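To start, the structure itself, in structure tokens.
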Ligand code: URA
């Protein structure tokens with residue numbers, strides 16, 4: 001997708017600004033306010049990468065000097081889908097970059113007996129099949145909820161989906177690749193592994209708790 005390395009369907013954004021901000025986010029003494037601000041900033045840099053090859057057309061415009069065919073985005077507005085609740089932390093920054101985007105939400109919780117994701121909320125823009133759909137969730141850990149969210153988006157008609165996350169674990173990337181090989185993933189880091197509780201290591205802890213100040 002760019003100068004950042006692509007490992008099959010995974011792009012890791014190695015830009016120094018992204019990596020520096022990510023380090024600050026990982027540090028446990030980083031405050032909620034700072035974490036939120038960094039997430040907003042980094043989300044824009046990741047969104048810049050994931051929208052890099054959006055379709056373009058030209059429009060005839062007149063500058064103060066002369067007429068020209070100038071590049072503009074083609075097609076319907078993109079759909080940004082937040083996987084609740086942590087996905088919301090990525091949305092604000094991305095919407096500053098793509099203010100006309102349509103927005104949707106997928107809510108999933110984990111059934112403690114079956115350990116499978118269960119849908120509790122689903123609201124997405126119309127005509128998903130005609131849009132570039134970007135699903136966002138900061139942590140691609142086991143991949144269970146991401147895979148389930150993308151299943152739901154495909155059921156709703158989406159055909160051109162990309163997945164944006166802050167951190168990914170190899171287990172989650174493998175799970176996504178197996179279930180949805182057509183969905184490219186953009187992330188700031190591929191971390192080492194998941195621990196027994198399903199947390200990404202070295203990671204940054206619980207992304208939702210850190211961005212909302214909960215425990
Ligand atoms: N969700 C989080 O918030 N953090 C992890 O490390 C894994 C899943």
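Residue numbers (UniProt numbering): 1 to 215. Don't be surprised by glycine CBs; every beta carbon is placed ideally from N, CA and C. Treat the numbers as computed from the prediction; the structure is a model and nothing was measured.
- Task: Measure from the C-beta of residue 64 to each C-beta in chain B and report whether the shortest distance is under 9 Å.
- Result: Looking at the structure shown, chain B is missing, and only one protein chain is on hand.
- Item | Residue environment, residue 236, which counts as buried when at least 16 other CB atoms sit within 10 Å | Residue 236 cannot be examined here, being either before or after the span of the chain that is shown, 1 to 215.
- Query: Near residue 171, which residues of its chain fall below 8 Å by C-beta distance, leaving aside the five closest residues on each side in sequence?
  - Reply: Locating residue 171 in the chain shown gives position 171, where the first residue counts as 1. Here the set comprises 141, 142, 143, 193, 194.
- Going by CA-CA distance only, name the one from 189, 158, 190, 89 that's closest to residue 180. Position 180 of the chain shown, counting from 1, holds the residue named residue 180. The shortest C-alpha separation from residue 180 is found at 158.
- Task: Would you identify the three-state DSSP class for residue 174, choosing helix, strand or coil?
- Result: Counted from its first residue, the chain shown places residue 174 at position 174. Looking at residue 174 - three-state DSSP - the assignment turns out to be helix.
- Can you tell which of 173, 125, 139 has the C-alpha that lies nearest to the C-alpha of residue 154? On the chain shown, residue 154 is found 154 positions in, with the first residue counted as 1. Of the listed residues, the one whose Cα sits closest to residue 154 is 125.
- Task: Could you pull the start and end residues of the alpha helix (DSSP H) that residue 19 belongs to?
- Result: As a working note, residue 19 is residue 19 in the chain shown. Residues 16 to 26.
- Query: Does DSSP classify residue 199 as helix, strand or coil?
  - Reply: Sequence index remark: in the chain shown, residue 199 carries index 199 (1-based). DSSP places residue 199 in coil when its eight states are reduced to three.
- Task: Kindly indicate which residue of 74, 145, 76, 102 has the alpha-carbon position closest to the one of residue 118.
- Result: In the chain shown, residue 118 corresponds to position 118, counting from 1. The option with the nearest alpha carbon to residue 118 is 145.
- Message: Within 10 Å of its beta-carbon, does residue 191 have 16 or more other beta-carbons around it, so buried, or fewer, so exposed?
- Response: Residue mapping note: residue 191 aligns to position 191 of the chain shown, counting from 1. So residue 191 counts as buried.
- Any idea if residue 201 is buried or exposed, counting beta-carbon neighbours within 10 angstroms, 16 or more meaning buried? For the purposes of this step, residue 201 is taken as the residue at position 201 of the chain shown. Flag for residue 201 reads exposed.
- Query: Would you say the beta carbon of residue 109 comes nearer than 8 Å to a heavy atom of the ligand URA?
  - Reply: Here residue 109 refers to the residue found at position 109 of the chain shown. No.
- Query: Can you give, in chain order, each stretch of the beta strand (DSSP E) that sits fully within the segment 59 to 107 and has at least 3 residues?
  - Reply: 67 to 73, 79 to 83
- Can you give me the Cβ contacts of residue 109 inside the same chain, cut-off strictly under 8 Å, excluding the 5 residues immediately before and after it? Taking the chain shown and counting its residues from 1, one reaches residue 109 at position 109. Only 117, 118, 120 meet the Cβ criterion.
- Item | residue 167 CB to nearest heavy atom of the ligand URA below 8 Å | Here residue 167 refers to the residue found at position 167 of the chain shown. Indeed, a heavy atom of the ligand URA lies less than 8 Å from the Cβ.
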